[in-house]
Amino acid sequence: MAVTKSFRDLVQRRVAHDPSFATALLREGVDTMLAGDVDAGKAILRDYIKATIGFEKLADATAMPSKSLIRMFGPRGNPQARNLFGIIFYLQRQAGIELHVAEHVVDGRS
355 MAVTKSFRDL VQRRVAHDPS FATALLREGV DTMLAGDVDA GKAILRDYIK ATIGFEKLAD
415 ATAMPSKSLI RMFGPRGNPQ ARNLFGIIFY LQRQAGIELH VAEHVVDGRS
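Position one of the sequence shown corresponds to residue 355 (the working numbering), numbered consecutively onward.
In structure tokens:
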């Protein structure tokens, strides 16, 4: 019988060994939220946080309780924009990257 691994375990292992994958995961989480799928974006960011700095370190950096952060990125979480953008800012700084929003024309509209 084959041994199966948790998808989250695989993601965490890949993030630990592949910085470009970690950056792509952070970018995908933010892009997914900007595309309107906030729940999926939060889930991606939750996986990113777990695989990189963890909720305890994020709690120390943001002065928010770790349990609140875990709930915020959970399926029923509803983060305030101020908190969410503050966390994204911190995650970018920790990763040594800066994400930018780029405009593109959809259906001939600008």
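Yeah, the Cβ is synthetic: ideal placement off N, Cα and C, and Gly gets one too. None of these values were measured; they are calculated from a predicted model.
Spatial neighbours of residue 420 within its chain, please: CB distance less than 7 angstroms, with the 5 preceding and 5 following residues excluded, ordered by chain position.
Translated into positions along the sequence shown, residue 420 becomes position 66. Apart from sequence neighbours up to five positions away, the residues of its chain that approach residue 420 with a beta-carbon distance below 7 angstroms are 409, 410, 413, ordered along the chain.
Looking at the structure shown, is residue 460 part of a helix, part of a strand, or coil, going by DSSP?
Within the sequence shown, residue 460 is the residue found at index 106, counting from 1. DSSP places residue 460 in strand when its eight states are reduced to three.
Beta-carbon of residue 397 versus every beta-carbon of chain D: anything under 7 angstroms?
The structure shown contains no chain D, having only a single protein chain.
Identity of the residue in 459, 454, 460 nearest residue 385 by Cα
For the purposes of this step, residue 385 is taken as residue 31 along the sequence shown, with counting starting at 1. Closest in C-alpha terms to residue 385, from the list 459, 454, 460, comes 454.
Could you give the residue range of the alpha helix (DSSP H) that holds residue 387?
As a working mapping, residue 387 is identified with position 33 in the sequence shown. 373–388 is the span of the alpha helix (DSSP H), which, as asked, contains residue 387.
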